[in-house]
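Letter by letter, the sequence shown follows residues -20 to -1, 1 to 378 of mature numbering (1 follows the signal peptide of the UniProt record, and there is no 0).
Notes to accompany the following structure.
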Amino acid sequence: MGAGAVGFLVAGSFAAPAYAVDGTDLSVELSGTTIAAGSTEKVVEIDLENVGKTTPESVDIIFTVGDLVGAFQFADICDDDPADGTVHCSVDKAFIPEPGGTSDLSYLVTRADDSADASGELTVTVLVDGDDNTANNTDTAEVVIGEHGVDLGVVAEDVRTPIDADASLESGAPVYVDGSITPGGSTAVVATVSNQGDMTADGVRVSVTLPEQASFTEPEQGCEYSADNRTVTCDYSEIMLIPADHDTQDGDATSGGSFWFPAKIDAGVAKSGALTGGSVTVAALAAVPYGPKQNIAAPTTLPENVELLDAADIDKVVDVDESDNTDTYSIFVSVNGGSGGGSTGGDGDGGSLPVTGAQAGLFGGIGAFVIVLGAVLFLVARRRRVVLMTPGDEKPTA
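What follows is the structure in C-alpha cells.
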C-alpha cells in the first residue's frame, strides 16, 4: 500500500434520521481522525448518507487538507494536486446511496516522519446537483496524533441481499442467493472490524442492533440477546487483533476480521425501501503491548464458551479514537416486486475512485468461506461466525 492512497469502501455510515426533505438531500460526516502515537497512518472515514427522497445523478467530494500538507502525506489519484490544499474526487454512480442508504468512504492519511505533534483541520464537502439542503454537506475535524492504545474501527455495509439461512449456518459464512430481501426473508448483517492502533486488542466485543421490523434468528454461542431479539452483544475473547502496521504477511496473526449475524425480516413489512436505524459498535476487551510473538498462530485448545466481561472492565481499555467505533446501516426490503435497493455494483466512469477494501478480500466468491489463518482459527471462525483478514484488506487500495 502506498502512503496516502485514497479509496472508497461501500458500507454503512452514521445515524439514519428520518428523511429531511422531499427532494435531494445528502449529508456527510467525518470520523476516525486521531492517529495513535505509534502508528504511521489512519483510514479516515467519510460517511455519506441519503436523507432525502431522490437519488442524485452525480456526487463529488472535495477534501480541503490545508495546513495538513507537510505534516501528513496525501496521494493524488483524483483530479487535483493535494499540494494546493484540495483534492477533488467523484463517487462512482453505482455507489451513490439511494433514499435511506449509506456509503462509507475512506481516505488514507499517512504521517510524515517529523509529525510527532502535528495537527490540522481536514474538511470534506459533498457537491450534489440539486441538493435541497446544503447545511449538512460539509464537515470538519481535527487530524491529530493521539496517545498509545488500540484503535478499533468498524464498517457495516447496508444490507441488500438475501441469504440461504440453512446453507449459511452450515458453511460458516453467508451464502447469498439471487433476488431482493422480502418480508419474511433471511439476510445477514456483516461488520468488518480492524485495529489501527499501536497496541494489540486482546479480545473484541461486537454489539449489533437491527432496525425495527427485523430480528436475529439463530442464537450464537457466547452472546447475549435483548428480549426483542433486535440487539446482540458478543465477546470474542479468543480473537486477538494486532496493530495494522504489523500485519504484513499471511498465515499469522491479523489486524482485522469480519463478523456476521443472520437476521430475518418481519413478514408484516408493508412498504419497499430502507429499514433504517441499524448499528454496530465495537470495543477491545483488553489492550496489550504489541510483540512479535503475537504473530504466531493461537494454540489449538479453544474455549468451549466465551466469558462475558463486565462493562466496567471494557471502559478501562484505552481506545485512541472512539469516533469510528460505531457504524450504522440500513436493510433494504422489496415488497411485491418493489425496489428494495438491490445489489450495489457496476462499472464507474472516468475519475471515480475505486470501490475496494475488506469486503473484496473477505467474500470474493458468493457463498465462499474465506479464512487465511490456518486450521486453528478456522475452527474459531466456524463457531463464532468470523472471517479474518489478509494483510491490507482493512485499508482502501488504489
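From the three backbone atoms N, C-alpha and C, an ideal C-beta is built for every residue, glycine too.
Could you tell me the alpha carbon to alpha carbon distance between Ala228 and Asp111, rounded to whole angstroms?
Numbered from 1 along the sequence shown, position 248 holds the residue referred to as residue 228. Numbered from 1 along the sequence shown, position 131 holds the residue referred to as residue 111. Looking at the sequence provided, one finds Thr at residue 228 rather than Ala. Computed Cα separation, rounded: 43 Å.
To which residues of the same chain is Thr213 closer than 7 Å at the C-beta, ignoring the five residues directly before and after it?
The residue you call residue 213 lines up with position 233 of the sequence shown. Within the same chain, and ignoring the five residues on either side of Thr213 in sequence, the residues whose Cβ sits closer than 7 Å to its Cβ are Arg185, Ser187, Cys203 and Glu204.
Limits of the unbroken beta strand (DSSP E) element including Ser11:
Reading the sequence shown from its first residue, position 31 is the one you call residue 11. Leu6 to Ser11 is the extent of the beta strand (DSSP E) around Ser11.
I want to know whether the region 301 to 315 touches the region 148 to 156 - three or more CB-CB distances under 8 Å.
Too few Cβ pairs lie closer than 8 Å, so no.
How big is the Cα-Cα spacing for Thr44 and Ala16?
Within the sequence shown, residue 44 is the residue found at index 64, counting from 1. Within the sequence shown, residue 16 is the residue found at index 36, counting from 1. Taking the Cα positions, Thr44 is about 22 Å away from Ala16.
Counting only the same chain and skipping the five closest in sequence on each side, list residues whose C-beta sits under 7 Å from that of Ile76.
Taking the sequence shown and counting its residues from 1, one reaches residue 76 at position 96. Contacts found: Thr35, Pro36 and Val39.
Just verifying my parser: in three-state terms, what is the DSSP assignment at Lys22?
Taking the sequence shown and counting its residues from 1, the one referred to as residue 22 is at position 42. In the three-state scheme derived from DSSP, where H, G and I count as helix and E and B as strand, Lys22 is classed as strand.
Measure from the alpha carbon of Val67 to the alpha carbon of each residue in Ser19, Ala171 and Thr105, then state which is nearest.
One-based indexing of the sequence shown puts residue 67 at position 87. Closest in alpha carbon position to Val67, among Ser19, Ala171 and Thr105, is Thr105.
Skipping 5 residues on each side, what residues in its chain have a beta carbon closer than 6 Å to that of Asp246?
Mapped onto the sequence shown, residue 246 falls at position 266. Within the same chain, Asp246 has close Cβ partners Gln193.
Please confirm whether Gly177 and Val130 have their CB atoms less than 7 Å apart.
Position 197 of the sequence shown, counted from the start, is the residue given in the question as residue 177. Position 150 of the sequence shown, counted from the start, is the residue given in the question as residue 130. For Gly177 and Val130, yes; Cβs fall inside 7 Å.
Taking all protein chains shown into account, decide if Val134 is buried (16 or more other Cβ within 10 angstroms of its Cβ) or exposed.
One-based indexing of the sequence shown puts residue 134 at position 154. With 16 or more other CB atoms across the displayed protein chains lying within 10 angstroms of its CB, Val134 is buried.
Cβ neighbour criterion (16 or more within 10 Å) applied to Glu29
For the purposes of this step, residue 29 is taken as the residue at position 49 of the sequence shown. When all chains shown are included, Glu29 counts as buried.
Label Val5 either buried or exposed according to how many other C-beta atoms from any shown protein chain fall within 10 Å of its C-beta, with 16 as the threshold for buried.
Position 25 of the sequence shown, counted from the first residue, corresponds to residue 5. Here residue 5 turns out to be Asp, not Val, going by the sequence shown. So Asp5 ends up on the buried side.
Considering only C-alpha positions, which residue in the set Gly100, Ile42, Gly236 and Ser86 is nearest to Val108?
Against the sequence shown, residue 108 aligns to sequence position 128. Residue Ile42 is the option with its Cα nearest to Val108.
What's the gap between the Cα of Asp97 and the Cα of Thr14?
Position 117 of the sequence shown holds residue 97. Position 34 of the sequence shown holds residue 14. Taking the straight line from one Cα to the other gives about 12 Å.
Contacts around Val260, its chain only, beta-carbon distance under 6 Å, and the 5 residues preceding and following it disregarded
Position 280 of the sequence shown holds residue 260. Non-local C-beta neighbours of Val260 in its own chain, meaning closer than 6 Å and more than five positions away in sequence, comprise Val134, Ala136, Ala171, Val188 and Asp307, ordered along the chain.
Starting from Ser238, trace the beta strand (DSSP E) in both directions and tell me its first and last residue.
Position 258 of the sequence shown, counted from the start, is the residue given in the question as residue 238. For Ser238, the enclosing beta strand (DSSP E) begins and ends at Gly236 to Ile245.
Alpha-carbon to alpha-carbon, Asp2 and Leu265:
Your numbering for residue 265 matches position 285 in the sequence shown. Your numbering for residue 2 matches position 22 in the sequence shown. So the alpha carbons of these two residues sit roughly 44 Å apart.
Rounded to the nearest angstrom, what separates Ala207 and Ser195 at their Cα positions?
Here residue 207 refers to the residue found at position 227 when the sequence shown is read from its first residue. Here residue 195 refers to the residue found at position 215 when the sequence shown is read from its first residue. As the crow flies, the alpha-carbon of Ala207 is around 11 Å from that of Ser195.
Put Asp301 into one of helix, strand or coil per three-state DSSP.
Here residue 301 refers to the residue found at position 321 of the sequence shown. Of the three classes helix, strand and coil, the one that applies to Asp301 here is coil, per DSSP.
Just how far apart, CA to CA, sit Gln201 and Ala243?
By 1-based counting over the sequence shown, the position of residue 201 is 221. By 1-based counting over the sequence shown, the position of residue 243 is 263. Distance between the alpha carbons of Gln201 and Ala243: 16 Å.
Under 8 Å by Cβ, that's how I've got Val23 and Leu102 pegged, so tell me the actual separation to the nearest angstrom.
On the sequence shown, residue 23 is found 43 positions in, with the first residue counted as 1. On the sequence shown, residue 102 is found 122 positions in, with the first residue counted as 1. Taking C-beta atoms under 8 Å as the contact rule, Val23 and Leu102 fail to qualify, at a distance of about 13 Å.
Under 7 Å, do Asp225 and Thr20 count as touching if we go by C-beta distance?
Residue 225 sits at position 245 when you count from the first residue of the sequence shown. Residue 20 sits at position 40 when you count from the first residue of the sequence shown. The answer is yes: Cβ separation under 7 Å.
At what residues does the beta strand (DSSP E) containing Ser146 begin and finish?
Position 166 of the sequence shown, counted from the first residue, corresponds to residue 146. Here residue 146 is Asp; the residue named in the question, Ser, does not match the sequence. No beta strand (DSSP E) holds Asp146; the alpha helix (DSSP H) holding it covers Ala145 to Ser151.
Give the straight-line distance between the Cα atoms of Asn316 and Gly159, rounded to the nearest whole angstrom.
Numbered from 1 along the sequence shown, position 336 holds the residue referred to as residue 316. Numbered from 1 along the sequence shown, position 179 holds the residue referred to as residue 159. Asn316 and Gly159 have their alpha carbons spaced roughly 12 Å apart.
With DSSP run on the structure shown, which of helix, strand or coil describes His128?
Residue 128 sits at position 148 when you count from the first residue of the sequence shown. It is coil, neither helix nor strand.
Check whether the Cβ atoms of Gly80 and Ser310 sit closer than 7 Å, and answer yes or no.
In the sequence shown, counting from the first residue as 1, residue 80 sits at position 100. In the sequence shown, counting from the first residue as 1, residue 310 sits at position 330. Cβ distance < 7 Å, so Gly80 and Ser310 count as in contact.
Beta-carbon contacts of Leu288 that lie in its chain and below 6 Å, excluding the five residues immediately before and after
As a working note, residue 288 is residue 308 in the sequence shown. With a pLDDT of only 33 at Leu288, under the threshold of 50, the placement of this residue in the model should not be trusted, and no figure is reported.
Backbone secondary structure at Thr114 - three-state DSSP
Translated into positions along the sequence shown, residue 114 becomes position 134. Note: Thr114 maps to helix in three-state DSSP.
Between the C-alpha atoms of Ala166 and Ser238, what's the straight-line distance to the nearest angstrom?
Translated into the one-based positions of the sequence shown, residue 166 becomes position 186. Translated into the one-based positions of the sequence shown, residue 238 becomes position 258. The question names Ala, yet the displayed sequence has Ser at residue 166. Taking the CA atoms as reference points, Ser166 sits about 19 Å from Ser238.
Expressed to the nearest angstrom, what Euclidean distance is found between the alpha-carbon atoms of Ala267 and Ser11?
Sequence index remark: in the sequence shown, residue 267 carries index 287 (1-based). Sequence index remark: in the sequence shown, residue 11 carries index 31 (1-based). Approximately 22 Å between the Cα atoms of the pair.
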